[in-house]
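Notes follow the structure.
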Amino acid sequence: MDIEFLRGKETERQRAFLAALLPCLTRREQIVSVCLTGSLAGDRADRWSSVDLLLVWNQVDGRATTGATPTVAVREALEEAFGPESFFCEQDCYDETEGKLSGAGPFDPSTGRLPGEPRRAGVLFEIAWTMVADSGRLGERRGPVRPLYVADALTMDLPEILNKRGAQLGPPNVKTVEKNLARFWLLLGRLPAVVRRREALAAHALVADMRMLLVELVVALNGADRPQSRARINQYLGPAQLAAFENSMGLPHTGQRQEAIQGPNWVGQAVSLVVLYRWYAPQLVERHEIRYPQAAEDAVLAQLRGELENWPAQISTG
């Protein structure tokens, strides 16, 4: 179980967390492999990185081996490593052949403490599992995968499978791109209601959803379909694209407190997102030979001009 590669990356707490948990996982004979995924498995780890593990679970005739189910076994391993009251996790599994536990737990306060940190700190984690029969799909998994433990009983050649892995980013799904092009306008059409009702929380959520959808469209324009996580999203955008999105958030410049005084300008942010959409959407339409949702745009913009007095009559991308 090699976790020493994490040294020198501001990941002392994650290394201590793994050092405590890995022996408790590998003592369970049903677990025949433990792989590290996420930023810790690659070269982007920092002190805020979560510990993401993928377990390969033994099975017979397509069913889990006798004994504890994966959910129970993982919880028991967490309790053995940290105590029953020192961590929290929630379950997300379709059935006991595939699923995950996500949560937060401690690390050993006697090791790995960074200068200035409290004696006790926490680590976010996600522990997913798959059956041996499905372990070949590891070669299709997006993002880095690093084996930490492989049991002698595992008949598959895990390193060979991982070495054959393709690109970390897949190609964009054209149907999803076309759907999202139209969905942008459907989201924007909800803006008058939340603005006129002065529902600030709903307006914030709506504008955030629009921005994230537009990010997905721009990532598709860059020729990729990124892993579905909001963490580390900056890496999938070019410098100019990232600056454009940050500008659309209407954040105050250094030394200015306009946003704090007047409150967020939801209409202004939405207009800036329309500008970005009109810049990137035609490029997507041309590249993938799909239809531009002109009818949706016309209907929603007519609604906005009729319902919001400060919505501009014309929006220029120049």
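Note that my numbering has the sequence shown beginning at 3, numbered continuously upward.
Where is the CB? At the ideal position from N, CA and C, for every residue including glycine.
For the beta strand (DSSP E) containing residue i, list its first residue and its last residue.
{"i": "ASP54", "result": "53–59"}
{"i": "GLY124", "result": "124–133"}
{"i": "HIS41", "result": "A small fix is needed here, since residue 41 is Ser in this sequence, not His. Unbroken run through SER41: none, as it is neither H nor E."}
{"i": "ARG148", "result": "147–152"}
Taking Cβ to Cβ, would you say residue i is nearer than 9 Å to residue j?
{"i": "LEU20", "j": "ILE33", "result": "no"}
{"i": "PRO149", "j": "VAL36", "result": "yes"}
{"i": "ARG49", "j": "GLU92", "result": "no"}
{"i": "ASP54", "j": "LEU38", "result": "yes"}
{"i": "VAL197", "j": "ALA205", "result": "yes"}
{"i": "VAL76", "j": "ILE129", "result": "yes"}
{"i": "LEU103", "j": "ALA47", "result": "no"}
{"i": "PRO174", "j": "ALA226", "result": "yes"}
{"i": "GLU31", "j": "ALA222", "result": "no"}
{"i": "VAL179", "j": "ILE292", "result": "yes"}
{"i": "VAL277", "j": "THR319", "result": "yes"}
{"i": "LEU244", "j": "ASN224", "result": "no"}
Which residue from the options puts its Cα closest to that of residue i?
{"i": "TYR294", "options": "GLU31, ALA83, LEU239 and LEU183", "result": "LEU183"}
{"i": "VAL220", "options": "MET133, PHE7, ARG289 and LEU27", "result": "ARG289"}
{"i": "ALA272", "options": "VAL152, MET212, ARG30 and VAL179", "result": "MET212"}
{"i": "GLU82", "options": "PHE127, ALA70 and ALA22", "result": "ALA22"}
{"i": "VAL176", "options": "TYR282, LEU286, LEU244 and VAL269", "result": "LEU286"}
{"i": "LEU56", "options": "GLU14, PHE127 and ALA70", "result": "PHE127"}
{"i": "TRP281", "options": "LEU306, PRO86 and ALA246", "result": "ALA246"}
{"i": "SER52", "options": "GLN316, GLU14 and LEU275", "result": "GLU14"}
{"i": "ALA267", "options": "ALA297, ASN312 and LEU303", "result": "Residue 267 is actually Asn in this sequence, not Ala. Answer by Cα proximity: ASN312."}
Identify the continuous alpha helix (DSSP H) that holds residue i and give its terminal residues.
{"i": "PRO194", "result": "193–198"}
{"i": "SER250", "result": "241–250"}
{"i": "ARG77", "result": "72–84"}
{"i": "TYR1", "result": "Not covered by the structure: residue 1. The range shown for the chain is 3 to 320."}
{"i": "GLU98", "result": "First-last for GLU98: undefined, no H or E at that position."}
{"i": "LEU293", "result": "It is Arg, not Leu, that sits at residue 293 in the sequence shown. Premise fails: ARG293 is in no alpha helix (DSSP H) and is neither H nor E."}
{"i": "THR28", "result": "14–28"}
{"i": "TRP187", "result": "176–190"}
{"i": "LEU203", "result": "202–223"}
Looking only at its chain, what residues have a beta carbon closer than 6 Å to the beta carbon of residue i, apart from the 5 residues adjacent to it on each side?
{"i": "GLU100", "result": "THR132"}
{"i": "CYS95", "result": "GLY101"}
{"i": "ALA106", "result": "PHE90, GLY124 and LEU126"}
Skipping 5 residues on each side, what residues in its chain have a beta carbon closer than 7 Å to that of residue i?
{"i": "ALA43", "result": "PRO146, VAL147 and ARG148"}
{"i": "LEU310", "result": "PRO194, VAL197 and VAL269"}
{"i": "PRO314", "result": "VAL273"}
For residue i, which residues from the same chain have a beta carbon less than 8 Å from its beta carbon, with the 5 sequence-adjacent residues on both sides left out?
{"i": "ARG185", "result": "LEU215"}
{"i": "LEU189", "result": "LEU208, ASP211, MET212 and LEU215"}
{"i": "ALA301", "result": "TRP187 and GLY191"}
{"i": "MET251", "result": "ARG213 and GLN271"}
{"i": "THR73", "result": "GLN93, CYS95, GLU98, GLY101 and LEU103"}
{"i": "LEU24", "result": "MET3, ILE5, VAL36, LEU150 and TYR151"}
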